[in-house]
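Visitor: Quick one: structure below, then a few questions.
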Amino acid sequence: MQSMYSLRVLLTSTLLFASGLLFSNAPSSAIGQAFSLETGELVYTEKHIKLDRAQHQVMYSEPDGTEFARKQIDFSRSLIRPSFQQLNDRNGEAIEVRQVGETFLVKYRKQNGSEAKEDTVADKPNMVIDAGFDAFVRQYWQPLMSGKAMDIEYLVPSKRTTFSFRFQQADCLADTSSSAVCFTLSPVSWLVKMAVDPIVVAYDSSTQRLLRFTGRANISNAAGKYQSVDIRYQYND
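Written out as structure tokens, the structure is:
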């Protein structure tokens, strides 16, 4: 029982996708409002800005509009495995992932005052990094729509390694747009699956834009805790 509890704590604080999703081929900006699955209250807002073809920014704000975190994403070398930097002012958590040759340098600091750790992670054909998940969906849209289940290795910066996940089409959650097609992202390992709930994403079936994300947030609160959220996206054309 204790080992399962430890696994649950480890994974729910590290396997974080939520606002790592971006809109690689979308309009110049988009807004995502993240609501707590527990209380229904707005917990933060994320603004995605496409600066140019390769450079994107994400800014995170409290419900009162105060900015507390920001992310810079570089798609110049890969849409599915971008480099990025993220800083959360709530607690000082800092992440950097940078491609160096055929490997990725991964740096992670848990909070202000803690030691930053770094490792090198080898590139893999099915590896997905942060916002590259959105580009992955678009690239493999037809196979996914035909019912194909696809396995990916998702980079988890806090552990400086990858975890295996399976992505496939699924039923949409209640209150999802009628124009949406939905997918789930679930751990491949049965042990990890016991500790981590599937992530559900909804995409517009015609525009292939991300409409909704339901799962663990990738931005912590001031206490370093990660909430389960329901993020709804709107686009500025």
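Going by my numbering, the sequence shown opens with residue 48, and the numbers climb by one from there.
We put the beta carbon where it would ideally sit given N, CA and C, even for glycine.
(1) Return helix, strand or coil for glycine 148, following the three-state DSSP convention.
(2) For the structure I just gave you, are there three or more beta carbon pairs, one from the stretch 185–202 and one from the stretch 134–143, closer than 8 Å?
(3) Can you give me the C-alpha to C-alpha distance between alanine 264 and histidine 95, rounded to a whole angstrom?
(4) Taking DSSP as the reference, what is the three-state secondary structure of leucine 69?
(5) Going by other Cβ atoms of all chains shown within 10 Å of its Cβ, with 16 needed for buried, is serine 53 buried or exposed?
(6) What do you reckon, are the CB atoms on serine 233 and serine 211 nearer than 8 Å?
(7) Within this structure, are the beta carbons of isoleucine 78 and histidine 103 separated by less than 8 Å?
(8) For my contact list, arginine 137 and serine 267 are in at a C-beta cut-off of 8 Å; report their separation, rounded to the angstrom.
(9) Note the first and the last residue of the continuous alpha helix (DSSP H) segment covering leucine 191.
(10) To the nearest angstrom, how far is the alpha carbon of threonine 150 from that of serine 224?
(11) Tell me which residue opens and which closes the beta strand (DSSP E) that glutamate 114 is part of.
(12) What is the DSSP secondary structure of threonine 209, reduced to helix, strand or coil?
(13) For serine 83, collect the residues of the same chain with a Cβ closer than 6 Å to its Cβ; drop the 5 residues on either side in sequence, then sort them by chain order.
(14) What's the C-alpha gap between cysteine 1 and lysine 272?
(15) Assuming isoleucine 199 and proline 129 make a contact with CB atoms under 8 Å, what is their CB distance in whole Å?
(16) Who are the near neighbours of threonine 231 in its chain, counting only those whose CB is closer than 6 Å to its CB and skipping five residues on each side?
(17) Taking DSSP as the reference, what is the three-state secondary structure of glycine 179?
(18) Using a Cβ-Cβ cut-off of 7 Å (strictly less than) and excluding sequence neighbours within five positions of serine 123, which residues of its own chain qualify?
(19) Which parts of the stretch 195–280 are runs of the alpha helix (DSSP H), unbroken and 4 residues or longer, counting only runs that do not cross its ends?
(20) Given a threshold of 16 other Cβ atoms within 10 Å of its Cβ, counted over all protein chains shown, does alanine 221 qualify as buried or as exposed?
(21) Can you give me the C-alpha to C-alpha distance between valine 105 and lysine 195, rounded to a whole angstrom?
(22) Considering only residues of the same chain and omitting the five flanking positions on each side of threonine 209, which have a CB-CB separation below 8 Å?
(23) Could you tell me the alpha carbon to alpha carbon distance between leucine 134 and glutamate 88, rounded to whole angstroms?
Guide: Reading from the atomic positions:
(1) As a position in the sequence shown, residue 148 is number 101, starting the count at 1. Coil, per DSSP.
(2) Segment contact: the stretch 185–202 against the stretch 134–143, fewer than three CB-CB distances shorter than 8 Å; contact not assigned.
(3) Reading the sequence shown from its first residue, position 217 is the one you call residue 264. Reading the sequence shown from its first residue, position 48 is the one you call residue 95. Spanning the two alpha carbons is a distance of roughly 16 Å.
(4) Here residue 69 is taken as the residue at index 22 of the sequence shown, counted from 1. Because leucine 69 carries a pLDDT of 46, less than 50, the predicted location of this residue cannot be relied on, and the following value inherits that uncertainty. Leucine 69: coil per DSSP, three-state reduction.
(5) Position 6 of the sequence shown holds residue 53. In this prediction, serine 53 has a pLDDT of 40, which is less than 50 and means its spatial position is unreliable; what the coordinates show is noted afterwards. Residue burial is scored here from C-beta neighbours: serine 53 has fewer than 16 other C-beta atoms within 10 angstroms and is therefore classed as exposed.
(6) Numbered from its first residue, the sequence shown carries residue 233 at position 186. Numbered from its first residue, the sequence shown carries residue 211 at position 164. No; because the gap between Cβ atoms is not below 8 Å, this pair is not in contact.
(7) On the sequence shown, position 31 is the one that residue 78 refers to. On the sequence shown, position 56 is the one that residue 103 refers to. Taking 8 Å as the cut-off, the Cβ atoms of isoleucine 78 and histidine 103 do not count as close.
(8) Position 90 of the sequence shown, counted from the first residue, corresponds to residue 137. Position 220 of the sequence shown, counted from the first residue, corresponds to residue 267. Confirmed, about 7 Å.
(9) For the purposes of this step, residue 191 is taken as residue 144 along the sequence shown, with counting starting at 1. Its alpha helix (DSSP H) spans residues 188–192.
(10) Residue 150 sits at position 103 when you count from the first residue of the sequence shown. Residue 224 sits at position 177 when you count from the first residue of the sequence shown. About 39 Å.
(11) The residue you call residue 114 lines up with position 67 of the sequence shown. Run containing glutamate 114: 114–121, per the beta strand (DSSP E) assignment.
(12) Looking up residue 209 in the sequence shown gives position 162. Threonine 209: strand per DSSP, three-state reduction.
(13) Numbered from 1 along the sequence shown, position 36 holds the residue referred to as residue 83. Val90, Gln274, listed in sequence order.
(14) Only positions 48 to 284 of the chain appear in this structure, which leaves residue 1 out of reach.
(15) Position 152 of the sequence shown, counted from the start, is the residue given in the question as residue 199. Position 82 of the sequence shown, counted from the start, is the residue given in the question as residue 129. Taking a contact as a CB-CB distance under 8 Å, the pair isoleucine 199 and proline 129 does not count as one, their CB atoms being some 15 Å apart.
(16) Sequence index remark: in the sequence shown, residue 231 carries index 184 (1-based). The residues are Ala217, Pro245, Val247.
(17) One-based indexing of the sequence shown puts residue 179 at position 132. If DSSP states are grouped into helix, strand and coil, glycine 179 belongs with the helices.
(18) In the sequence shown, the residue the question calls residue 123 occupies position 76. The residues are Ala101.
(19) 237–242
(20) Reading the sequence shown from its first residue, position 174 is the one you call residue 221. Its Cβ having fewer than 16 others within 10 Å, alanine 221 is exposed.
(21) In the sequence shown, the residue the question calls residue 105 occupies position 58. In the sequence shown, the residue the question calls residue 195 occupies position 148. So the alpha carbons of these two residues sit roughly 31 Å apart.
(22) Here the question's residue 209 lines up with position 162 in the sequence shown. So the list reads Val168, Lys171, Met174, Glu200, Tyr201, Leu202, Val203, once near-sequence residues are dropped.
(23) Position 87 of the sequence shown, counted from the first residue, corresponds to residue 134. Position 41 of the sequence shown, counted from the first residue, corresponds to residue 88. Whole-angstrom Cα-Cα distance: 24 Å.
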